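2 protein chains.
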Amino acid sequence: MLGVSCWPIVRSQHLNRNSQPLSRCLAATWRGPRRQGPLSLHKTPKGLDKSKTTGHIMGMARLNVREQLLSAGLETLHRRGFNATSVQDITEAAGVPKGSFYNHFESKEALGAEAVIKYREASDAWTATRALRDTKAAPLTRLRKYFEGLADRALKTESWSGCLLANFACELSNQSPLIREQVAVAFAEWSDEIAVVIGEAQRVGALSKDLPPKALAEFLINAWEGALLRARVDKDRAPLQLFLKVTFSKILS
Amino acid sequence: MLGVSCWPIVRSQHLNRNSQPLSRCLAATWRGPRRQGPLSLHKTPKGLDKSKTTGHIMGMARLNVREQLLSAGLETLHRRGFNATSVQDITEAAGVPKGSFYNHFESKEALGAEAVIKYREASDAWTATRALRDTKAAPLTRLRKYFEGLADRALKTESWSGCLLANFACELSNQSPLIREQVAVAFAEWSDEIAVVIGEAQRVGALSKDLPPKALAEFLINAWEGALLRARVDKDRAPLQLFLKVTFSKILS
Chain Y
16 MLGVSCWPIV RSQHLNRNSQ PLSRCLAATW RGPRRQGPLS LHKTPKGLDK
66 SKTTGHIMGM ARLNVREQLL SAGLETLHRR GFNATSVQDI TEAAGVPKGS
116 FYNHFESKEA LGAEAVIKYR EASDAWTATR ALRDTKAAPL TRLRKYFEGL
166 ADRALKTESW SGCLLANFAC ELSNQSPLIR EQVAVAFAEW SDEIAVVIGE
216 AQRVGALSKD LPPKALAEFL INAWEGALLR ARVDKDRAPL QLFLKVTFSK
266 ILS
Chain S
16 MLGVSCWPIV RSQHLNRNSQ PLSRCLAATW RGPRRQGPLS LHKTPKGLDK
66 SKTTGHIMGM ARLNVREQLL SAGLETLHRR GFNATSVQDI TEAAGVPKGS
116 FYNHFESKEA LGAEAVIKYR EASDAWTATR ALRDTKAAPL TRLRKYFEGL
166 ADRALKTESW SGCLLANFAC ELSNQSPLIR EQVAVAFAEW SDEIAVVIGE
216 AQRVGALSKD LPPKALAEFL INAWEGALLR ARVDKDRAPL QLFLKVTFSK
266 ILS
C-alpha cells in the first residue's frame, strides 16, 4: 500500500536541468549481483541440466524475489524513511532471506532509486490520475478532480506516509545523488503532465495565458507538496483543503 | 551555520489544533541526567567545598557543554538528517566526550525537539525576519522582502540543507510524536507572524479580504516549503523565484 498519494505517471524518459535518465543513473552503480547468498535462485543445482528443465523456472523465481524485494522495499522505505530502514527490514517484509538481497540489488540506495520508478508506475491506477487523463472532461474540471482525488487518497491511508518524492527529497538530497536525480526526473515528468492540462485550459480560454503552463504546473506541484507536508505535521486534512481553496480561487480561475 | 532558511520567530507558546507547549512536551520525557559520565562537569571534585568556590563555575561549564551539544546537534541534524546522525556524531561535532551527552539530554529525540526551538530563535537575527518586522515599510513590501530574503539565504548556504521544520516533518512525522508536535507549534507560530502582516495589508486596502489572513499565511508558508523542497532536488534557485513570481502576481496582489 502506498501512503498519501501525490503523483501521476508519464512514461517518457524526461530530463530536467540537472538530471539524467534512470537507466544511466543505475548503470553508474549497478554492476550485477555482488554476493551469492546460500539460497541464490539463479544458481543451477548439482545434477540438473539447466538448459533442459529448470532455467526458465528459476529465472521466474528470481524475478519474483526481485519484485518482492522492490515492493516490500517501496512500502517500507515510504512508511519508515530511508535511513530508519535496514536491508534486513526489507528482506523481512519481503519474506526472503537477508542474503538474497544483494543478488538483486547493489545496495539499499539502488533499490531506493528503483522504488521511485515503481511509485510512479503505481500511480497509473489511482483514481486521481484517471480523472486527470479523462479528456472528455474540461481541463480545469480535470485538474480539480485530480487534486481532490489526491486529497481523498491522503485521507484513506492511515499511515500518513506523505509523498515518497518529498520524503526522499528532504532526507536524501544531501546524501544520495542517485536518488536525488531520480526524484528530480520524477518531479519534472509530473510537472509535464500537469502542464499539458493547463495548456489545454489556456487554449480554450478557461485560464489566463500570463504564465507559461510549465511554470504554473511546477508551482502547483510544489505548493501541493508543501500542503501535504503540513497535513502530516498537523495530522489534519485542512492544509489540503486550503490548497484546493486558494489554488482554484486565486490561481486556476 | 543554519542551512536554507525558512522561518521567523514568535515568542509566544502557540498551540495549534493538535499540539501542546514544548515545555509540556519535554516534561514528558526529560527526567534529568540519565547517566553520569566519567567527565561529568557537575560533579564536585574530592577535597573541594562546592558551596565556597566551584559551584557557579561548574554550573556555567555544564551549561556551556549543554549549549555546545545543542548547537552542534542542530547543525548536524539539519545537514545530515535525524536518522543518519548518531549521538556520537553530535558529541564529536560538539568536541565533548560521548558519555557527557546523557548528562544533558534524555535522548537524541529530546535534543531534536529542543533543536527546533533553537532553530526558531536563530532566525531572529536573519535579514529576512528583520525586513518582515520593519513596520516603517508597507505590509506587502515587507512580505516581498521577507521571502526574497529567505531565497537569498538559500543561495548563500552551500549545504542546501533545506528547512529543518520540513526535514523533520518528512522524516519524523511517523516516528516521533514529540518532534512532530514541536514542529507543528513552530509552523503555527510562523503562520501567526505572517498573518499579522497580511491582516495589515488587508486593513490598508492593499489586499483583498476574501480570504482570512491566517489561511492565506498558511498557504504561503506551505507553498514556500514545497518550493524549497523542489529547489533542493533540482539544486536550482528557480523554484524559489517561481514562488515569488506566482505569489506576488496571483495571490498577494
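From first to last, the protein sequence lines stand for chains Y and S. Taking this note's numbering, the leading residue of the first sequence gets 16, the next gets one more, and so forth. Taking this note's numbering, the leading residue of the second sequence gets 16, the next gets one more, and so forth. Don't be surprised by glycine CBs; every beta carbon is placed ideally from N, CA and C. Since we're looking at a predicted model, the values are computed, not measured.
Per the coordinates, the alpha-carbon of S138(Y) lies some 24 Å from the alpha-carbon of D104(Y). For S206(Y), the enclosing alpha helix (DSSP H) starts and ends at 192-218.
A Cβ of chain S is located within less than 7 Å of the beta carbon of E186(Y). For P228(Y), no Cβ of chain S is located within less than 7 Å of the residue's own Cβ. For the pair L187(S) and A181(Y), the CB atoms are not nearer than the 7 Å cut-off.
Contact of P254(S) with chain Y by beta-carbon distance below 8 Å involves E233, N237.
Distances from the alpha-carbon of E204(S) to those of L158(S), G164(S), E136(S) put E136(S) closest.
Beyond the five residues adjoining it in sequence on each side, K224(S) comes within less than 8 Å, by CB distance, of Q217 in the same chain, given in chain order.
For C185(Y), the enclosing alpha helix (DSSP H) covers residues 179-187. Closer than 7 Å to the CB of K265(S) there is at least one CB belonging to chain Y. Cβ-Cβ separation between E240(Y) and G241(S): approximately 4 Å, consistent with a contact (criterion under 8 Å). Sequence-distant partners of K160(Y) (beyond 5 residues in either direction) whose C-beta falls short of 6 Å from its own C-beta, in its chain, are A146. Residue contact check for E163(Y) against chain S: no CB pair falls below 7 Å. By the Cβ criterion, the region 123-136 of chain S is in contact with the region 80-94 of chain S, since at least three pairs of Cβ atoms, one from each stretch, lie closer than 8 Å. For V211(Y), the CB contacts under 8 Å within the same chain, skipping 5 residues up- and downstream, are P228 in chain order.
Neighbours of F202(S) in chain Y, taken as residues whose beta carbon is under 9 Å from its own, are R245, V248, D249 in chain order. Taking 8 Å as the Cβ-Cβ cut-off, the region 98-132 of chain Y approaches chain S at N98, A99, given in chain order.
Counting only runs of 4 or more residues that sit fully inside the region 97-140 of chain Y, the alpha helix (DSSP H) segments are 102-109, 116-119, 123-137, in chain order.
The alpha carbon of L226(Y) has as its nearest neighbour, out of I213(Y), I236(Y), N237(Y), the alpha carbon of I213(Y). The residues T100, D104, I105, A108, in chain order, have a CB closer than 8 Å to that of T91(S) in the same chain once the five nearest residues on each side in sequence are set aside.
Judged by DSSP secondary structure, F258(S) falls within the alpha helix (DSSP H) whose first and last residues are 253-261. Neighbours of S176(S) in chain Y, taken as residues at a C-beta separation under 7 Å, are given in chain order as N189. Put simply, the CB of E240(Y) is near chain S, with a gap under 7 Å to one of its CB atoms.
Taken through DSSP and simplified to helix, strand or coil, A169(Y) comes out as helix. By the CB criterion at 7 Å, L257(Y) and A230(S) fall inside the cutoff. The C-alpha of F183(Y) is placed about 28 Å away from the C-alpha of F120(S). Straight-line spacing of the CA atoms in I266(S) and I266(Y) works out to 7 Å. In the three-state reduction of the DSSP assignment, A230(S) falls in the helix class.
Boundaries for T150(Y): no alpha helix (DSSP H) harbours it, and the DSSP string shows neither H nor E there. Taking a C-beta distance under 7 Å as the contact criterion, A232(S) and A238(Y) do not qualify as a contact pair.
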